[in-house]
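Protein chains in written order, with numbering that gives the first Met the number 0: chain X, 0 to 151; chain A, 0 to 151. Don't be surprised by glycine CBs; every beta carbon is placed ideally from N, CA and C.
There are 2 protein chains.
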Amino acid sequence: MRRDSRLSGVLHVLLHMAQQPGPFTSETLAKAMDTNPVVIRRIMAGLRELGYVRSEKGHGGGWRLACDLSKVTLRDVYTALGSPALLAMGNRTEAPGCLVEQAVNAALDQAFHDAEALLLSRLGEVTLAMLSEDFRKRLGSRKLQGMRAHGA
Amino acid sequence: MRRDSRLSGVLHVLLHMAQQPGPFTSETLAKAMDTNPVVIRRIMAGLRELGYVRSEKGHGGGWRLACDLSKVTLRDVYTALGSPALLAMGNRTEAPGCLVEQAVNAALDQAFHDAEALLLSRLGEVTLAMLSEDFRKRLGSRKLQGMRAHGA
DNA sequence: GTCTCATGTAATTTTTTATGTTACATGATG
DNA sequence: CATCATGTAACATAAAAAATTACATGAGAC
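Here is the structure:
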């Protein structure tokens, strides 16, 4: 099963943008994510509709954060992507006339629903600000490591 | 994201087999599941290795249940399929040198892991016998409905 | 024995969907 | 008005599940 990495990707972009003020062109972001500018625009379009980012055309244009990072959760970002499927498994067929199928679907749906609810709940607990904070902490650690490696 | 329906499919087959003793040919099962006999054999192969079903060649051959339905959980069946991916989303890349990527992955992995654990736990709570029981209950309801429809 | 039936499995094709790419329109700035 | 950047549609690519084809193997039936 191929796994959808758009959420991971867009979070990556947003955190990079949180480190510097300036506007970022799709091309710049695409290079940082090792993908294509059009892919960036496609992903960011959903975020813009919800007001998380802004875009400007022409000279000096590009993408800019337009939200309070402490107010936006990973779940919000997920929603901005169009709420793609969370689970890799599904029922063989909806609208089953077969009673066996109904029994199977009922059992699986229950388990699937619980797992999705938990996942969404977890995503709702983490804000972009928390991620950014985590990133800075890691940055600090790496700097220390580097100093130790050079004999400081 | 295309959703893997093998678990749903194989449960369907097993429950159908639980309703009658006789051996079932791959072709019969395939027809009931509206798929191809080879797909059935492929799916059942994993179950056979774990001893949940047996197969016999030649005249009068076919597939037969070989386990106590009350001892086999949906999680066991899932494992027999080779434990395919449960979640439709994943990290953009493993082994990330980028610290932003590390921060993002850490947050997502936590949420993903929790959801997977819950799903597996739920699947482990349901046995094939329970599903079979649920099916019979539904069968009873439908019969009653039919009788009412005919004015009984 | 050999004919038929059924599984066992490799190889190939189809289908679906995320992703990548090309092309061109629109708008903003110097 | 020339350049830069987004906005999109249209098309190409890639990966994986599913379906299909083809043929080998083994087990009764006659």
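* Asked: Using a Cβ-Cβ cut-off of 8 angstroms (strictly less than) and excluding sequence neighbours within five positions of T72 of chain X, which residues of its own chain qualify?
  -> Counting from one through the first sequence, the residue named residue 72 of chain X turns up at place 73. Here the set comprises L122, G123, E124, V125, T126, L127.
* Grab me the residues of G45 of chain A's own chain with a C-beta within less than 8 angstroms of its C-beta, minus the 5 sequence neighbours each way, in chain order. => Counting from one through the second sequence, the residue named residue 45 of chain A turns up at place 46. Once the five neighbours on either side are set aside, the close Cβ partners of G45 of chain A are A79, L80, G81.
* To do: Closer than 7 angstroms by C-beta to H11 of chain A: which residues in its own chain qualify, once you throw out the five before and the five after it? Chain order, please.
  => Walking along the second sequence from the start, residue 11 of chain A turns up at place 12. Closer than 7 angstroms at the Cβ level, and outside the excluded window around H11 of chain A, lie M32.
* Boundaries (first-last residue) of the alpha helix (DSSP H) holding L6 of chain A -> Walking along the second sequence from the start, residue 6 of chain A turns up at place 7. Where L6 of chain A is concerned, the enclosing alpha helix (DSSP H) stretches over 5-17.
* Asked: Which value, in whole angstroms, describes the spacing of the CA atoms of K56 of chain A and L6 of chain X?
  -> Position 57 of the second sequence, counted from the first residue, corresponds to residue 56 of chain A. Position 7 of the first sequence, counted from the first residue, corresponds to residue 6 of chain X. Cα-Cα distance, rounded: 49 angstroms.
* **Neighbour-count burial assignment, E100 of chain X, 16 or more Cβ in a 10 Å radius** => Here residue 100 of chain X refers to the residue found at position 101 of the first sequence. Counting C-beta atoms within 10 angstroms of its own C-beta, E100 of chain X has 16 or more neighbours from the protein chains shown and is therefore classed as buried.
* Interface positions of the region 75-92 of chain A facing chain X (Cβ-Cβ less than 7 angstroms), listed along the chain -> Of all residues in the region 75-92 of chain A, P83, A84, L85, L86, A87, M88, G89, N90, R91 have a Cβ within less than 7 angstroms of some Cβ in chain X.
* Through-space distance from Q19 of chain A to I42 of chain A, alpha-carbon basis -> For the purposes of this step, residue 42 of chain A is taken as residue 43 along the second sequence, with counting starting at 1. For the purposes of this step, residue 19 of chain A is taken as residue 20 along the second sequence, with counting starting at 1. If you take the alpha carbons of I42 of chain A and Q19 of chain A, they lie about 20 angstroms apart.
* Taking 8 angstroms as the CB-CB limit, is V52 of chain A close to chain X? -> Walking along the second sequence from the start, residue 52 of chain A turns up at place 53. So no, V52 of chain A is outside the interface.
* With DSSP run on the structure shown, which of helix, strand or coil describes T27 of chain X? -> The count along the first sequence starts at 1 and reaches residue 27 of chain X at position 28. The DSSP-derived three-state label of T27 of chain X is helix.
* Asked: Using the C-alpha atoms, what's the distance from A110 of chain A back to P83 of chain X?
  -> Taking the first sequence and counting its residues from 1, the one referred to as residue 83 of chain X is at position 84. Taking the second sequence and counting its residues from 1, the one referred to as residue 110 of chain A is at position 111. C-alpha separation (whole angstroms): 16 angstroms.
* Below 8 angstroms CB to CB, which residues in the same chain sit around L117 of chain A once its five sequence neighbours on both sides are set aside? => Counted from its first residue, the second sequence places residue 117 of chain A at position 118. Within the same chain, L117 of chain A has no close Cβ partners at all.
* Asked: So which of A:D67, A:L85, A:G89 has the shortest CA-CA distance to Y157 of chain X?
  -> With chain X covering 0 to 151 only, the question about residue 157 of chain X has no answer from this structure.
* **Interface flag, S25 of chain X vs chain A, CB-CB below 8 angstroms** => On the first sequence, position 26 is the one that residue 25 of chain X refers to. S25 of chain X does not count as touching chain A.
* Helix, strand or coil at R91 of chain X [DSSP, three-state] -> The residue you call residue 91 of chain X lines up with position 92 of the first sequence. Coil.
* **Opening and closing residue of the alpha helix (DSSP H) in which F47 of chain A lies** => The sequence position of residue 47 of chain A within the second sequence is 48, counting from 1. Note on identity: in this sequence residue 47 of chain A is Arg, with Phe being the wrong assignment. Its alpha helix (DSSP H) spans residues 36-48.
* By how many angstroms is the C-alpha of E132 of chain A removed from the C-alpha of M16 of chain A? -> Indexing the second sequence from 1 puts residue 16 of chain A at position 17. Indexing the second sequence from 1 puts residue 132 of chain A at position 133. When rounded, the separation of the alpha-carbon atoms in M16 of chain A and E132 of chain A is 14 angstroms.
* **From A:L13, A:M129, A:L86, A:V9, residue whose alpha carbon lies closest to that of R2 of chain X** => Position 3 of the first sequence, counting from 1, holds the residue named residue 2 of chain X. Measuring C-alpha to C-alpha distances from R2 of chain X to each of A:L13, A:M129, A:L86, A:V9 identifies A:L86 as the nearest.
* Closest Cβ-Cβ distance between L64 of chain X and chain A: below 8 angstroms? -> For the purposes of this step, residue 64 of chain X is taken as residue 65 along the first sequence, with counting starting at 1. With a threshold of 8 angstroms between beta carbons, L64 of chain X makes no contact with chain A.
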